[in-house]
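To start, the structure itself, in structure tokens.
Here is the structure:
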């Protein structure tokens, strides 16, 4: 079975795919995707690759498109359905990463990192105003407790 990985995924992800018996994993770039898709059984994308009706027309053997991430707005669902191609995504797969990024941004804003970074790049060190705000002892609110909100709350 030929599986095309059209966008960058983790090395461990590629390794897991390569460990599957009978699977031929092809890492391809945008400029070679049209040629590789012709005899592919499956396609894995992130958000960079657009899976259009035109691309699907070239993929007579294609049975599945996997979206490594949330959302499938880069995949023509109508065209895939019409051709009997299963489209899958990984909802929640990035919830921990997004939650950690949320906390990083929260702390960066509390500590005024963007403003201070700009000042440093402009050759100014604003020591007197560099303290920012400590979040210890503060009440922080979350709007929504879906997958990501719950992960933020846990942290």
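In the working numbering, the protein residues as written are 6 to 160.
Even for Gly, the Cβ is constructed at its ideal location relative to N, Cα and C.
Note that this is a predicted model, so its numbers are computed, not measured.
Practice task
Assign residue 79 to one of three DSSP states: helix, strand, or coil.
Solution key: coil
Exercise for the section: Quick one: measure Cβ to Cβ for residue 12 and residue 53, integer angstroms, because I've assumed they're closer than 8 Å. Expected result: 5 Å
Problem - alpha helix (DSSP H) runs contained entirely in the stretch 39–99, provided each spans 4 or more residues - result: 58–62, 82–87
Exercise for the section: Determine the contact status of residue 43 and residue 9, defining contact as a CB-CB distance below 8 Å. Expected result: no
Exercise for the section: Evaluate residue 62 with the Cβ neighbour count: other Cβ atoms within 10 Å of its Cβ, from every protein chain shown; 16 or more gives buried, anything less gives exposed. Expected result: exposed
Problem - Local conformation of residue 13 per DSSP, three classes - result: coil
Problem - CB of residue 49 within 8 Å of CB of residue 104, strictly - result: no
Practice task
Using a threshold of 8 Å, state whether the C-beta atoms of residue 56 and residue 29 are closer than that.
Solution key: no
Exercise for the section: Return the residue from the list 94, 91, 51, 92 that minimises the CA-CA distance to residue 15. Expected result: 51
Practice task
Quick one: grab the DSSP three-state call for residue 35.
Solution key: helix
Problem - Three-state secondary structure assigned by DSSP to residue 132 - result: helix
Handout entry: Among 133, 74, 116, 68, nearest to residue 85 - alpha-carbon criterion
Key = 68
Exercise for the section: Kindly indicate which residue of 59, 34, 36, 27 has the alpha-carbon position closest to the one of residue 46. Expected result: 27
Exercise for the section: Below 7 Å CB to CB, which residues in the same chain sit around residue 108 once its five sequence neighbours on both sides are set aside? Expected result: 157, 160
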